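Structure first, then comments.
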Ligand SMILES: Cc1cc2nc3c(=O)[nH]c(=O)nc-3n(C[C@H](O)[C@H](O)[C@H](O)COP(=O)(O)OP(=O)(O)OC[C@H]3O[C@@H](n4cnc5c(N)ncnc54)[C@H](O)[C@@H]3O)c2cc1C
């Protein structure tokens with residue numbers, strides 16, 4: 001069997017569906033097919049955001065939005081000026097899906113269900129006659145002079161324009177490498193840190209509202225909330241480091257030291273504060289008098305780690321103890337020994353080398369009429385809806401370019 005289409009899209013995920021719908025809606029005269037290896041598509045959309053699908057993030061300034069992309073920051077600035085958060089909200093609203101903003105800026109469908117997004121895509125694809133072919137796993141891609149020949153598990157296909165939207169799929173990256181593209185070695189991004197340490201062993205669930213973390217021996221640093229888990233540490237302060245440090249931390253084999261400042265003071269200023277407390281609260285027990293807006297259980301652990309007993313009163317603290325305590329509060333060192341997945345969510349850093357993609361069109365700089373969208377490119381973001389925004393933006397611009405010439 002040999003099927004001819006005007007445009008073929010490989011991959012029926014977020015980017016693939018978004019592109020297919022945009023093309024088919026604006027150009028009903030073109031035949032558009034999605035080749036999807038699964039028996040269903042949009043599987044990541046389904047499980048995304050804990051089943052709620054964090055569609056995008058309420059950040060409306062392109063120069064601010066790009067800062068959430070450890071890979072792609074420079075390249076996405078132009079594309080975001082053409083299609084970003086506001087356009088995403090409008091796109092879904094025009095198709096009957098209302099989005100809402102949560103306190104931290106994440107945006108979800110008001111239904112709180114990723115199925116709403118899936119239903120929207122499936123309905124739109126059907127309405128505009130996109131041929132969605134499931135169980136079609138792409139095996140090879142040949143770039144001939146005037147067309148592509150795509151061999152799948154269910155027959156061959158031909159098209160003049162080809163969009164690759166296969167996410168982080170190693171087999172497809174290999175195919176693209178064979179076609180002459182450079183693939184940046186994939187490594188995981190968005191993970192939590194495994195830490196075995198007596199200070200946090202018994203306090204899972206504790207949240208420090210705003211910490212500053214540095215990775216020893218690197219320039220990596222981040223700030224934000226920190227959550228103690230059963231196996232280590234998580235929450236934005238850690239996840240940001242895992243994303244921005246994805247390549248560096250992989251090279252360190254996920255074995256490194258971090259230094260945490262739990263309060264927003266340096267060692268010296270903290271020491272001064274502690275000396276004031278010593279005067280002010282002389283008769284009170286140190287463990288019981290939590291300061292700096294820290295959670296009680298964390299405060300206690302940091303007190304004990306400073307060689308201060310549970311019954312010691314502020315007046316009894318000697319110079320050494322005060323310094324040790326200031327050290328624990330402002331530069332506590334923890335050894336990271338590995339990584340774990342964050343709520344099953346992960347993205348892959350790596351993919352098509354950014355230098356080989358024209359970000360005005362999302363066309364390959366190596367092979368004419370070949371386009372990319374979504375995670376297949378070496379773009380990824382921190383958690384919060386930014387990874388999908390990349391899928392929507394790249395798919396939108398690729399679809400506009402595909403039909404424009
Ligand atoms: C558990 C989890 C939760 C997440 N939650 C969020 C979230 O809430 N918000 C957010 O912004 N991001 C989230 N992400 C990240 C987000 O899902 C991805 O960045 C996004 O799905 C990438 O879209 P894509 O279209 O590029 O790739 P995908 O959605 O992965 O789609 C690729 C498609 O290509 C198909 N395919 C692959 N190889 C072939 C082949 N050879 N032949 C045919 N088809 C093929 C795959 O089966 C798949 O359907 C989450 C990720 C995970 C794992």
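Numbering (full-length UniProt numbering), first residue to last: 1 to 405.
Cβ atoms here follow ideal geometry from the backbone N, Cα and C, with glycine treated the same way.
Just so it is clear, the structure is predicted and the values come from calculations on it, not from any experiment.
- Relative to ligand 1, even the nearest heavy atom lies 7 angstroms or more away from the CB of residue 150.
- Residue 42 is positioned such that its CB atom lies no closer than 8 angstroms to that of residue 6.
- In the three-state DSSP reduction, residue 157 falls in the strand class (E or B).
- Contact annotation: residue 10 and residue 53 have beta-carbon atoms that are not nearer than 8 angstroms.
- Per DSSP, the beta-bridge partners of residue 143 are 148.
- A straight line joining the alpha-carbon of residue 138 with that of residue 166 spans about 10 angstroms.
- Scanning 145, 130, 175 for the CA closest to the CA of residue 151 turns up 175.
- By alpha-carbon distance to residue 321, the top candidate from 253, 307, 27, 169 is 307.
- Excluding its 5 nearest sequence neighbours in each direction, residue 248 has C-beta neighbours in its own chain below 7 angstroms: 218, 220, listed in chain order.
- Each residue's CA atom was taken as its position, placing residue 260 and residue 211 some 7 angstroms apart.
- Considered as a whole, the stretch 181-229 harbours 198-201 as its complete alpha helix (DSSP H) runs of no fewer than 4 residues, in chain order.
- Secondary structure of residue 291 (DSSP, three-state): coil.
- Judged by the Cβ position, residue 54 qualifies as a neighbour of ligand 1 at the 7 angstroms threshold, a heavy atom of the ligand being closer than this.
- In the structure shown, residue 70 adopts coil according to DSSP, grouped into three states.
- Residue 121: member of the alpha helix (DSSP H) spanning 114-127, first to last residue.
- Around the CB of residue 103, fewer than 16 other CB atoms lie within 10 Å, so the residue is classed as exposed.
- Residue 100 sits in a strand when the DSSP states are folded into three classes.
- For the pair of segments examined, the stretch 238-247 was found not to touch the stretch 260-277: the number of CB pairs separated by less than 8 angstroms stays below three.
- DSSP places residue 169 outside both helix and strand once states are collapsed to three, so it counts as coil.
- Close CB contacts of residue 36 within its chain, under the 7 angstroms cut and outside five residues either way in sequence, are with 11, 12, 132, 133, 134, 136 (chain order).
- As the crow flies, the alpha-carbon of residue 386 is around 11 angstroms from that of residue 374.
- Distance between residue 363 and residue 161, taken at the CA atoms: about 10 angstroms.
- Secondary structure of residue 405 (DSSP, three-state): coil.
- Separation of residue 401 and residue 250 (C-alpha to C-alpha, rounded to the nearest whole angstrom) is 36 angstroms.
- For residue 82, the enclosing alpha helix (DSSP H) has its first and last residue at 77-82.
- About 20 angstroms separates the beta carbon of residue 236 from that of residue 348, a gap too long to meet the 8 angstroms contact definition.
- For the 8 angstroms CB-CB criterion, residue 206 and residue 228 form a contact.
- Counted as a single uninterrupted DSSP element, the stretch harbouring residue 285 is not any alpha helix (DSSP H), since DSSP gives it neither H nor E.
- If you check the CB distance, residue 395 and residue 19 come in under 8 angstroms.
- When C-alpha distances from residue 294 are compared across 324, 330, 317, 313, the shortest belongs to 330.
- C-alpha of residue 121 to C-alpha of residue 193: approximately 36 angstroms in a straight line.
- Counting along the chain, residue 332 sits inside the beta strand (DSSP E) bounded by residues 332-336.
- According to the DSSP assignment, residue 304 belongs to the alpha helix (DSSP H) that extends over 296-305.
- For residue 257, the uninterrupted beta strand (DSSP E) segment begins and ends at 256-261.
- For residue 366, DSSP assigns no beta-bridge partner whatsoever.
- Taking 7 angstroms as the cut-off, the C-beta of residue 37 counts as close to a heavy atom of ligand 1.
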